[in-house]
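In this text, residue positions in the sequence shown follow UniProt numbering: the first is 1, and each later residue adds one.
For every residue, glycine included, the Cβ atom is placed at its ideal position computed from N, Cα and C.
Below: the structure, in structure tokens.
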Amino acid sequence: MAITRAQQQLLQQSLEQLIVIPAALDDFYAALIEFAPHTATLFSTERTQHSQRLLIAFQAIIKGLEQPEKLVPLLQRLAQRHLDYGVTTADFTPFGNAWLYVLKAQLGDTWSPAHRDAWVALLRLIATVMKQQMQKQLTTDVQ
Ligand code: HEM
């Protein structure tokens, strides 16, 4: 499903709202670890540092929706690095659910079904490209 310009704007606005809430990312990791306890052992860097990188990545991805020819290789490289971090394709569902949970909780009254649809579409797009690349990499590695 293609992400529309209106959805891109909703994504940008909601991410900007989240960025200014310092506790939001702590809540995200707490939710991720609750949904998938084994992920607690995956993170080696300071969570605050990782949070910054995650937010910057989301900003770049949302902006990159206008240039799929650049976005796809960016996500493929991100996927390759995630294999090195020990992430598996099964981790994307709890990750996406934790992200949606935190957005909804933090955006409060401004959160709407349209926000949910836009974020579900974005998370699906990212997960589809990253998971395909991870599968491809794993298949290549065993040959
Ligand atoms: C929406 C999908 C995701 C995005 C945009 C994303 C983004 C990022 C970024 C930007 C980094 C910084 C390092 C780098 O650029 O390679 C990173 C690292 C990492 N991510 Fe993700 N990620 C995603 C999904 C996941 C999932 C599903 C997991 C598993 C629970 C995960 C776990 C990690 C880990 C363990 C690191 C390394 C952190 C460390 O060094 O401590 N990520 N991620």
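Assigned secondary structure, residue i (DSSP; H/G/I helix, E/B strand, else coil)
| i | result |
| --- | --- |
| Gly108 | helix |
| Gln137 | helix |
| Ala36 | coil |
| Pro22 | coil |
| Phe95 | helix |
| Phe58 | helix |
| residue 144 | Here the chain has residues from 1 to 143 only, and residue 144 is not among them. |
| Phe43 | coil |
| Ala121 | helix |
With 16 other Cβ atoms within 10 Å as the buried cut-off, status of residue i
| i | result |
| --- | --- |
| Leu138 | exposed |
| Gly96 | buried |
| His38 | exposed |
| Ser44 | exposed |
| Ser112 | exposed |
| Ala6 | exposed |
| Ile56 | exposed |
| Gln52 | exposed |
| Ala118 | buried |
| Val20 | exposed |
| Ala98 | buried |
| Val120 | exposed |
First through last residue of the alpha helix (DSSP H) which encompasses residue i
| i | result |
| --- | --- |
| Gln12 | 5-19 |
| Ala79 | 68-85 |
Nearest residue (CA-CA) to residue i, options the options
| i | options | result |
| --- | --- | --- |
| Pro22 | Gln106, Leu11, Gln13 | Gln106 |
| Leu11 | Gln59, Ala98, Arg53 | Gln59 |
| Thr140 | Ala36, Tyr29, Gln80, Glu66 | Gln80 |
| Thr128 | Val102, Pro94, Thr89 | Thr89 |
| Gln135 | Gln76, Leu123, Asp109 | Gln76 |
heavy atom of the ligand FMN below 8 Å from residue i C-beta
| i | result |
| --- | --- |
| Met134 | In terms of ligand content, the structure shown lacks the ligand FMN and carries the ligand HEM instead. |
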